[in-house]
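**Student:**
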Amino acid sequence: MWKKNIFDFPRYLTIGSFSNGFVSWIFGATGPLLLILQAASIGHLNESSVSSWIFGIYGMGGLLTLILSLYYRQPIGFAFSIPGAILVGSSLTHHTLNEVAGAYIVTGVIILVLGLTGVISVLMKVLPLPIMMGMVSGVLLPFGTDMVHGVIDNPLINGIPLLVFLFLSFFKNLSKKVPPILGAIIASVIMLKIFPMKTQAGVSFSMTIPHVILPSFNLSTMGELVLPLVLTVVAIQNAQGIAVLESHDYKPPINAMSSWSGIGSILNSFVGAHPACIAGPMTGILAGEESGHKENRYTSAVVLGILSCLLAVFAPVAASIPHLIPASLIKTLGGLAMIGVLIDSLKMSFSHNFKAGSLFSFLITVSGISIFHIGAPFWGLLGGTIAAFFLNKNDFAKITFSEAKNSEPDQMDEIA
-17 MWKKNIFDFP RYLTIGSFSN GFVSWIFGAT GPLLLILQAA SIGHLNESSV SSWIFGIYGM
43 GGLLTLILSL YYRQPIGFAF SIPGAILVGS SLTHHTLNEV AGAYIVTGVI ILVLGLTGVI
103 SVLMKVLPLP IMMGMVSGVL LPFGTDMVHG VIDNPLINGI PLLVFLFLSF FKNLSKKVPP
163 ILGAIIASVI MLKIFPMKTQ AGVSFSMTIP HVILPSFNLS TMGELVLPLV LTVVAIQNAQ
223 GIAVLESHDY KPPINAMSSW SGIGSILNSF VGAHPACIAG PMTGILAGEE SGHKENRYTS
283 AVVLGILSCL LAVFAPVAAS IPHLIPASLI KTLGGLAMIG VLIDSLKMSF SHNFKAGSLF
343 SFLITVSGIS IFHIGAPFWG LLGGTIAAFF LNKNDFAKIT FSEAKNSEPD QMDEIA
């Protein structure tokens, strides 16, 4: 399977899949990177530690993306926990990097155990898909609103790519030859050439030298970080990716995705990088219809994986990218790439059962609340499930009956 998918990659790589892989990479290498740099600044990390952190999150994310996408032939995008980065930044103000790295290891071990024991798979089956998609819709909605704000803030730089995207989308035959998102990217490059940024800085093309961290285990640090980090990976980030893949009719390897998140998190800790996880929005871009036929969309993930690994090797370049591209343009391109995903997620949230639970999940997630340093997507899942228990009890009854009915043939097969 490995060999076949690797040899198939050049044959099934299309302009559309390359474009989606590239946009996904641009998204992960810009906005989220700014949060990492901000967290590192708050934690007063030195330059070598920051470069090592960037090396870990992009190198491991790229490597895991390649491993799982090529093995399972699915567009599975790995990266790092964005809420986790914010949490780590505040923790570094009163804990050493070595102590934080110790908490990373414990986090990774717990996630690995959850994946190996199959607990995550059971949990994903218990949670109704519409409620999960309500959470995903809430996470993705800001990408759409940010796109609107971006166009208003800079009608030329951001508006022209939007018009090109709409123009190419209107002419179906043309859009098959030139994917709309690729047209938007080309238009963005042209606009930046015509109207260069005043704050553009030079790019430092130097290779990264990872800074090896010797973890130390502090109960206070672990008490502050471990549970929130586990929840952000398992119940927020990975849950988004799983729901997105299922919405595109994939059967994601839930336990394997969790196990590899744990392994990646453990390895990341030794270079001072926080936990690895599925990147929900990036996976949504990779799995879009523009990436080609369903069985070949993994090629977009391979593009992402290769670019992420290259970025890890040249981490100083990664630190320069946010200064080369306006933040509003990044949001505009991300929003354009996310249009199809957002439409599908909203449709799956409210066109079937559990409508009330999905609405609560959506609203709580959009609210952006944080309780006990745990982000809104987790509370959206929890609140949506509780609301569905009271408001959609008949839907739960249908699921229970259906599962019982479907389990009968399995039991008969076992007896036979």
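Using our numbering, the letters of the sequence shown map in sequence onto residues -17 to 398. The beta-carbon is built from N, C-alpha and C at its ideal position, and this holds for glycine as well.
Leaving aside the five residues before and after HIS334 along the sequence, list all residues of the same chain whose C-beta is less than 7 Å from its C-beta, in chain order.
**Tutor:** Within the sequence shown, residue 334 is the residue found at index 352, counting from 1. If we look at HIS334 and ignore the five residues flanking it on each side, its Cβ neighbours are PRO112.
**Student:** Go ahead and pull the three-state DSSP assignment for ILE139.
**Tutor:** By 1-based counting over the sequence shown, the position of residue 139 is 157. Note: ILE139 maps to coil in three-state DSSP.
**Student:** Quick check on the DSSP output: the beta strand (DSSP E) that includes PHE252 runs from which residue to which?
**Tutor:** Your numbering for residue 252 matches position 270 in the sequence shown. Taken as a continuous stretch (DSSP letters only), PHE252 belongs to no beta strand (DSSP E), as it is neither H nor E.
**Student:** By the three-class DSSP mapping on this structure, what secondary structure does ALA261 have?
**Tutor:** Reading the sequence shown from its first residue, position 279 is the one you call residue 261. The answer is coil: DSSP assigns ALA261 none of H, G, I, E or B.
**Student:** Find out if the Cβ-Cβ distance for the pair GLY10, LEU311 is shorter than 9 Å.
**Tutor:** For the purposes of this step, residue 10 is taken as the residue at position 28 of the sequence shown. For the purposes of this step, residue 311 is taken as the residue at position 329 of the sequence shown. Taking 9 Å as the Cβ cut-off, GLY10 and LEU311 do not qualify as a contacting pair.
**Student:** Should SER240 be labelled buried (16 or more other beta-carbon atoms within 10 Å of its own) or exposed?
**Tutor:** Stepping through the sequence shown from its first residue, residue 240 is reached at position 258. Result: buried.
**Student:** Can you grab the Cα-Cα spacing for the pair PHE0 / THR265, in whole Å?
**Tutor:** Walking along the sequence shown from the start, residue 0 turns up at place 18. Walking along the sequence shown from the start, residue 265 turns up at place 283. Each residue's Cα considered, the two are about 14 Å apart.
**Student:** Using only CA atoms, which one of TRP7, SER243, PHE360 and ILE24 lies nearest to LEU96?
**Tutor:** Residue 96 sits at position 114 when you count from the first residue of the sequence shown. Of the listed residues, the one whose Cα sits closest to LEU96 is SER243.
**Student:** Counting only runs that start and end within the stretch 110 to 138, where is the alpha helix (DSSP H) found for 4 or more residues in a row?
**Tutor:** 111 to 135, all fully within the stretch 110 to 138.
**Student:** Spatial neighbours of PHE125 within its chain, please: CB distance less than 6 Å, with the 5 preceding and 5 following residues excluded, ordered by chain position.
**Tutor:** What you label residue 125 is simply residue 143 of the sequence shown in a count that begins at 1. Once the five neighbours on either side are set aside, the close Cβ partners of PHE125 are GLY316, GLY317 and MET320.
**Student:** In the DSSP assignment, what are the bridge partners of PHE62?
**Tutor:** By 1-based counting over the sequence shown, the position of residue 62 is 80. Bridge partners of PHE62: ALA258.
**Student:** Tell me which same chain residues have a C-beta within less than 6 Å of the C-beta of ASP377, skipping the five on either side of it?
**Tutor:** As a working mapping, residue 377 is identified with position 395 in the sequence shown. Hits under 6 Å: ASN335 and PHE336.
**Student:** Thinking just about the alpha-carbon of each residue, which of LEU249, ILE163, LEU79 and MET115 is nearest to the one in LEU345?
**Tutor:** Translated into the one-based positions of the sequence shown, residue 345 becomes position 363. Closest option to LEU345, Cα to Cα, is MET115.
**Student:** Are the beta-carbon atoms belonging to MET189 and PHE360 less than 9 Å from one another?
**Tutor:** Mapped onto the sequence shown, residue 189 falls at position 207. Mapped onto the sequence shown, residue 360 falls at position 378. No, the Cβ-Cβ distance between MET189 and PHE360 is not below 9 Å.
**Student:** Counting Cβ pairs closer than 8 Å, one from the stretch 93 to 107 and one from the stretch 43 to 57, do we hit at least three?
**Tutor:** Verdict: no, contact absent.
**Student:** On a CA-only basis, which of PRO178, GLY120 and VAL146 is nearest LEU164? Give me that one, please.
**Tutor:** For the purposes of this step, residue 164 is identified with residue 182 of the sequence shown, where counting begins at 1. Among PRO178, GLY120 and VAL146, the Cα nearest to that of LEU164 is on VAL146.
**Student:** Across the stretch 31 to 47 and the stretch 255 to 262, are there enough close Cβ pairs to call them in contact, namely three or more that are closer than 8 Å?
**Tutor:** Yes, since at least three Cβ pairs between the stretch 31 to 47 and the stretch 255 to 262 fall closer than 8 Å, the two stretches touch.
**Student:** Just to confirm, is the Cβ distance from GLY274 to TYR(-6) under 9 Å?
**Tutor:** What you label residue 274 is simply residue 292 of the sequence shown in a count that begins at 1. What you label residue -6 is simply residue 12 of the sequence shown in a count that begins at 1. A contact, by the Cβ cut-off of 9 Å.
**Student:** Inspect the beta-carbon positions of GLY84 and SER251 and report whether they are closer than 9 Å.
**Tutor:** Along the sequence shown, one-based indexing puts residue 84 at 102. Along the sequence shown, one-based indexing puts residue 251 at 269. Taking 9 Å as the Cβ cut-off, GLY84 and SER251 qualify as a contacting pair.
**Student:** When DSSP labels each residue in this structure, what does ILE191 get in the three-state scheme?
**Tutor:** Taking the sequence shown and counting its residues from 1, the one referred to as residue 191 is at position 209. Here ILE191 sits in coil by DSSP.
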